[in-house]
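K.L.:
Adding 280 to a residue's 1-based position in the sequence shown gives its number in the numbering used here.
Supplied in structure tokens, the structure appears directly below.
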Amino acid sequence: MTSNEPLNFGFPYEPYSIQQQFMTTLYQTLSQGKIGIFESPTGTGKSLSLICGSLQWLKDHGSSNGTVIPVDEADEPDWVRSFTVNKYSGESKDSREKFKQDMRQRIQRIREQEASDSVLADARMEDDDDAFLLEDYTSDDDDRIPKDSNSNLSKEVQALLAKFDTGEDSDTEHDESNDKIDDEFDELKLVVLPYQYLIHSRTRESLGISLKDNIVIVDEAHNLMETITSIYTISVTRRQIRMTLSQLILYLQRYQSRLLGKNIIYIKQIISITKALLRVLEPTNGEKKDHVLGVNDFVHLAKIDHLNMFKIERYLKESSLARKLNGFVDKVREREEKEREKAGKMDSTTNKAQKNISSIPTLTQIEAFLTALTNPDKDGRIVVNFSGEADAAIKYMLLNPADAFQPIVEESKSVILAGGTMEPIYVLTAQEISDFITHLFPTVPSERISRFSCGHIIPPENLLTLTIDEGPTGKPLLFTFESRQDMKMIDEVGQIVVNLCNVIPDGVVCFFASFSFLEDVHRRWSTMDGGNVLARLSKKKKIFKEPRESNMVDSTLRDYSLAIESNQSGGALLLCVVNGKMSEGINFSDRLGRGVIMVGLPFANKTSVELNEKMKYARENKKQEGSSTIDGGQAYYENLCMRGVNQSIGTACNTAQK
Numbered sequence: 281m282t283s284n285e286p287l288n289f290g291f292p293y294e295p296y297s298i299q300q301q302f303m304t305t306l307y308q309t310l311s312q313g314k315i316g317i318f319e320s321p322t323g324t325g326k327s328l329s330l331i332c333g334s335l336q337w338l339k340d341h342g343s344s345n346g347t348v349i350p351v352d353e354a355d356e357p358d359w360v361r362s363f364t365v366n367k368y369s370g371e372s373k374d375s376r377e378k379f380k381q382d383m384r385q386r387i388q389r390i391r392e393q394e395a396s397d398s399v400l401a402d403a404r405m406e407d408d409d410d411a412f413l414l415e416d417y418t419s420d421d422d423d424r425i426p427k428d429s430n431s432n433l434s435k436e437v438q439a440l441l442a443k444f445d446t447g448e449d450s451d452t453e454h455d456e457s458n459d460k461i462d463d464e465f466d467e468l469k470l471v472v473l474p475y476q477y478l479i480h481s482r483t484r485e486s487l488g489i490s491l492k493d494n495i496v497i498v499d500e501a502h503n504l505m506e507t508i509t510s511i512y513t514i515s516v517t518r519r520q521i522r523m524t525l526s527q528l529i530l531y532l533q534r535y536q537s538r539l540l541g542k543n544i545i546y547i548k549q550i551i552s553i554t555k556a557l558l559r560v561l562e563p564t565n566g567e568k569k570d571h572v573l574g575v576n577d578f579v580h581l582a583k584i585d586h587l588n589m590f591k592i593e594r595y596l597k598e599s600s601l602a603r604k605l606n607g608f609v610d611k612v613r614e615r616e617e618k619e620r621e622k623a624g625k626m627d628s629t630t631n632k633a634q635k636n637i638s639s640i641p642t643l644t645q646i647e648a649f650l651t652a653l654t655n656p657d658k659d660g661r662i663v664v665n666f667s668g669e670a671d672a673a674i675k676y677m678l679l680n681p682a683d684a685f686q687p688i689v690e691e692s693k694s695v696i697l698a699g700g701t702m703e704p705i706y707v708l709t710a711q712e713i714s715d716f717i718t719h720l721f722p723t724v725p726s727e728r729i730s731r732f733s734c735g736h737i738i739p740p741e742n743l744l745t746l747t748i749d750e751g752p753t754g755k756p757l758l759f760t761f762e763s764r765q766d767m768k769m770i771d772e773v774g775q776i777v778v779n780l781c782n783v784i785p786d787g788v789v790c791f792f793a794s795f796s797f798l799e800d801v802h803r804r805w806s807t808m809d810g811g812n813v814l815a816r817l818s819k820k821k822k823i824f825k826e827p828r829e830s831n832m833v834d835s836t837l838r839d840y841s842l843a844i845e846s847n848q849s850g851g852a853l854l855l856c857v858v859n860g861k862m863s864e865g866i867n868f869s870d871r872l873g874r875g876v877i878m879v880g881l882p883f884a885n886k887t888s889v890e891l892n893e894k895m896k897y898a899r900e901n902k903k904q905e906g907s908s909t910i911d912g913g914q915a916y917y918e919n920l921c922m923r924g925v926n927q928s929i930g931t932a933c934n935t936a937q938k
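The structure is reproduced here in structure tokens:
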């Protein structure tokens, strides 16, 4: 292959020129170990270009020494054959027999437990409790390897881990299982995982995923900043705090005489912290007003500033207290259920509720919150919320995502960020793309950063864009939060949609700012007073509405497509929500999206305490840079809105023939 000859990326069809350029630039960026920022509008086949370009690079550079692997050298690559050998070489006949013997012994123990009387059962309960007894913790300064780093996993994964750590030899079995997983990760050439698993360091470590000298590709990177701040934003409710407190007290009562080292000291400190958090949410003066504090101010307010949060964080991580506590509580709950069954006082409804409550690893959430308190004061805020729809809560809100992303940049050989709208972008710090690079890659030389930006694939003559600011009767269309209850305006919008559907063939997708607004409009359009808009629309197109339930999205899309392809009517109208399940990652190609209607703009609620803090943070950062031309807070607010608009409109802009 000559240097001027275009690379063959195995694209499933003839790529557009911008797709070929995208893949070529991606290939070169990976080959040079650079940082790549790729901007490709929604609907241009960005994800497919990422897959084909990166897999071709992996195919050409997939050997351990970085050289090209000849395709005809063998039917299977060496690493596949090596993986197969490693996987089965240790599975000898002896190990299988040992496994069978262990299983027989476990079954026998279960049968003995079921057959024994209550006294013997209680005695065995004491033995089983050893699985939840913390190991000796004698020093805060030992440079020990953490025994477990799973304590910040999701509740579901945490519960599964606790259940697998209940036997006498559970630690050994758990370690062996982790070793096998790590071995398999060592052999993998491609790992696909959600944002959360990549960005959250402790989750990444617990899965055995090493970024050292590897390549990281982030699709939909225009959402990256919001995703990072969301992942590291932790909320604990009053109910969770109360539950954690009662569980810790029960645990300490059970094991206090058997705990060694500094375990008792740390558990009592954690109990003290949970009591302090509870006092914040239950003020003695009765004043329950939402407020925002810096981390240092909150620690002082809660009167826990005399405690070393860094040592407590380390203790929680190394001792696996959250996992041990969850297993212990589950065991206690099971015993109580059996006692109620024997007493004939079993209430299935009550028992199910108690089971759900006690099975929640609430200390995991508290641990994550305490970890957040060790972050720099300027990087986050504490929101004390009494006015929420559910329970009162304390939330740590991350404002600066730079530190969370920095380890990924430092460890990886190359990082690729691909997004639909990367410029202009005012992400949190209200800075243009050059400053965006500075904040995500502060230690990376400018010559190592590669940028790619392309236009859209739809020819200008194939696209018509209209802005409608008044209805057919001349009434202005003002979609502020207050005016959304203006029924006359909603009627005007209905007439506009009817007129558009009369001239647009096939599929029309109509986006609203929120589910609540969509429900209000749908309710109004179904009435006589609202002009029977839905009845008039249904004469021309079959009407579908985005469901709130995730499991109904696929069936709704399928029915929408069938209604258009059947040619039995003038097409179909799909009513959706911006930033909903149908506004991103779905292509309304060809006949499915001949028209897109955006009803108003999805501006966030400015009365939100959290939004105001983010805007304030963006505004202050811009002032510190000495810029007086841009209001960082307003820029962030507008960008948050327009990102959703771009994503929604882009769902239909996906082929050059459109």
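From the three backbone atoms N, C-alpha and C, an ideal C-beta is built for every residue, glycine too.
1. Would you call methionine 769 buried or exposed, if buried means 16 or more other Cβ atoms sit within 10 Å of its Cβ?
2. Which one or two residues does DSSP pair with leucine 697 in a beta bridge?
3. Kindly indicate which three-state DSSP category glycine 660 falls into: helix, strand or coil?
4. In this structure, does DSSP put glutamine 711 in helix, strand or coil?
5. For threonine 651, report the span of its alpha helix (DSSP H) as first-last.
6. Would you mind working out which of Ala670, Ser830 and Pro656 sits nearest methionine 677, comparing C-alpha positions?
7. Is it right to say glutamate 826 is buried, meaning 16 or more other beta carbons lie within 10 angstroms of its own, or is it exposed?
8. Nearest CA to the CA of isoleucine 544: which residue from Ala698, Asp416 and Ile844?
9. Among residues of its own chain, excluding the 5 on either side of glutamate 772, which ones have a beta-carbon nearer than 6 Å to its beta-carbon?
10. Please report the straight-line C-alpha distance between serine 796 and serine 763, rounded to a whole angstrom.
11. Should the segment 780-791 be called in touch with the segment 874-887, which here means at least 3 C-beta pairs below 8 Å?
12. Could you please give the first and the last residue of the uninterrupted beta strand (DSSP E) stretch that includes arginine 731?
13. Just confirm the distance between the C-beta atoms of glutamine 775 and glycine 810, as a whole number of angstroms; I'd bet it's less than 8 Å.
14. Considering just the uninterrupted stretch of the beta strand (DSSP E) at serine 515, what are its terminal residues?
15. How would you label histidine 571, buried or exposed, when you count the other beta carbons within 10 angstroms and need 16 or more for buried?
16. Where do the ends of the alpha helix (DSSP H) carrying alanine 623 lie?
17. Taking buried to mean at least 16 other C-beta atoms within 10 Å of its own C-beta, is leucine 746 buried or exposed?
18. How long is the line joining the alpha carbons of tyrosine 916 and aspartate 839, rounded to whole angstroms?
19. Just tell me which of Lys693, Pro681, Pro739 and Ser692 has its CA closest to the CA of leucine 720.
20. List in chain order: all unbroken beta strand (DSSP E) runs of 3+ residues lying wholly within the segment 790-849.
21. Tell me the DSSP secondary structure of asparagine 885 in three-state form.
22. Between which residues of its own chain and arginine 522 is the CB-CB distance below 7 Å, once the five residues before and five after are set aside?
23. With a CB to CB cut of under 8 Å and the five nearest residues on each side skipped, what residues in its chain are close to isoleucine 547?
24. Which residues in the same chain as aspartate 382 place their Cβ atom closer than 7 Å to its Cβ, once the five residues preceding and following it in sequence are excluded?
25. Chain C beta carbons: is any one of them nearer than 9 Å to that of leucine 920?
26. Considering leucine 854, what are the terminal residues of the beta strand (DSSP E) in which it resides?
27. Just checking my contact of valine 516 with phenylalanine 732 at CB under 8 Å: how many whole Å lie between their CB atoms?
28. For glycine 290, does the count of other Cβ atoms within 10 angstroms reach 16, so buried, or fall short, so exposed?
29. Could you work out which residue in Lys819, Val789, Arg828 and Gly912 is closest to glutamate 799 when comparing CA atoms only?
30. Where do the ends of the beta strand (DSSP E) carrying leucine 876 lie?
P.N.:
Checking against the coordinates, here is how it stands:
1. Counting from one through the sequence shown, the residue named residue 769 turns up at place 489. Here methionine 769 is buried, its C-beta having at least 16 other C-beta atoms within 10 Å.
2. Mapped onto the sequence shown, residue 697 falls at position 417. According to DSSP, residue pairing for leucine 697 in a beta bridge involves Ile317 and Val498.
3. The residue you call residue 660 lines up with position 380 of the sequence shown. Strand, per DSSP.
4. Within the sequence shown, residue 711 is the residue found at index 431, counting from 1. The pLDDT assigned to glutamine 711 is 43, lower than 50, so where the model puts this residue is not dependable; a value taken from the coordinates is nonetheless given after this. In the three-state reduction of the DSSP assignment, glutamine 711 falls in the coil class.
5. Start at 1 with the first residue of the sequence shown, and residue 651 comes out as number 371. Threonine 651 -> alpha helix (DSSP H) spans 642-652.
6. As a working mapping, residue 677 is identified with position 397 in the sequence shown. In this structure, Pro656 is the residue among Ala670, Ser830 and Pro656 with its C-alpha nearest to the C-alpha of methionine 677.
7. On the sequence shown, residue 826 is found 546 positions in, with the first residue counted as 1. With 16 or more Cβ atoms within 10 Å of its Cβ, glutamate 826 is classed as buried.
8. By 1-based counting over the sequence shown, the position of residue 544 is 264. Considering only alpha carbons, the answer is Asp416.
9. Within the sequence shown, numbered from 1, the residue matching residue 772 stands at position 492. Within the same chain, Gly751 and Lys755 come within 6 Å of glutamate 772 by CB-CB distance, once the 5 residues on both sides are set aside.
10. Within the sequence shown, numbered from 1, the residue matching residue 796 stands at position 516. Within the sequence shown, numbered from 1, the residue matching residue 763 stands at position 483. Cα to Cα, the separation comes out at about 14 Å.
11. Yes: the two stretches touch, three or more of their Cβ pairs being nearer than 8 Å.
12. The count along the sequence shown starts at 1 and reaches residue 731 at position 451. Its beta strand (DSSP E) spans residues 729-733.
13. Position 495 of the sequence shown, counted from the first residue, corresponds to residue 775. Position 530 of the sequence shown, counted from the first residue, corresponds to residue 810. Not quite, the Cβ-Cβ distance comes to about 10 Å (not below 8 Å), so this is no contact.
14. For the purposes of this step, residue 515 is taken as the residue at position 235 of the sequence shown. From DSSP, the beta strand (DSSP E) with serine 515 extends over 514-517.
15. The count along the sequence shown starts at 1 and reaches residue 571 at position 291. In summary, histidine 571 is exposed, with fewer than 16 beta-carbon neighbours lying within 10 Å of its beta-carbon over all protein chains present.
16. Your numbering for residue 623 matches position 343 in the sequence shown. Its alpha helix (DSSP H) spans residues 601-623.
17. In the sequence shown, the residue the question calls residue 746 occupies position 466. By the neighbour-count criterion, in which a residue is buried when 16 or more other Cβ atoms sit within 10 angstroms of its Cβ, leucine 746 is exposed.
18. What you label residue 916 is simply residue 636 of the sequence shown in a count that begins at 1. What you label residue 839 is simply residue 559 of the sequence shown in a count that begins at 1. Computed Cα separation, rounded: 38 Å.
19. Position 440 of the sequence shown holds residue 720. Of Lys693, Pro681, Pro739 and Ser692, the residue nearest in Cα terms is Pro681.
20. As far as the segment 790-849 is concerned, its whole beta strand (DSSP E) runs of at least 3 residues are 822-825.
21. Numbered from its first residue, the sequence shown carries residue 885 at position 605. Correct three-state label for asparagine 885: coil.
22. Position 242 of the sequence shown, counted from the start, is the residue given in the question as residue 522. Around arginine 522: Leu558.
23. Sequence index remark: in the sequence shown, residue 547 carries index 267 (1-based). Result list for isoleucine 547: Leu528, Tyr531, Leu532, Leu539 and Leu601, in chain order.
24. Translated into the one-based positions of the sequence shown, residue 382 becomes position 102. Its chain contains no residue whose beta carbon lies nearer than 7 Å to that of aspartate 382 once the 5 sequence neighbours on both sides are disregarded.
25. Going by chain labels, chain C is absent from the structure shown, which holds only one protein chain.
26. Here residue 854 corresponds to residue number 574 of the sequence shown, with the count starting at 1. That run of the beta strand (DSSP E) goes 852-857.
27. Here residue 516 corresponds to residue number 236 of the sequence shown, with the count starting at 1. Here residue 732 corresponds to residue number 452 of the sequence shown, with the count starting at 1. Not quite, the Cβ-Cβ distance comes to about 42 Å (not below 8 Å), so this is no contact.
28. As a first step, residue 290 must be located in the sequence shown, where it is residue number 10. With fewer than 16 Cβ atoms within 10 Å of its Cβ, glycine 290 is classed as exposed.
29. Working through the sequence shown from its first residue, we reach residue 799 at position 519. With distances taken between Cα atoms, glutamate 799 lies closest to Arg828.
30. Against the sequence shown, residue 876 aligns to sequence position 596. Inspection of the sequence shows that residue 876 is occupied by valine rather than by leucine. According to the DSSP assignment, valine 876 belongs to the beta strand (DSSP E) that extends over 875-878.
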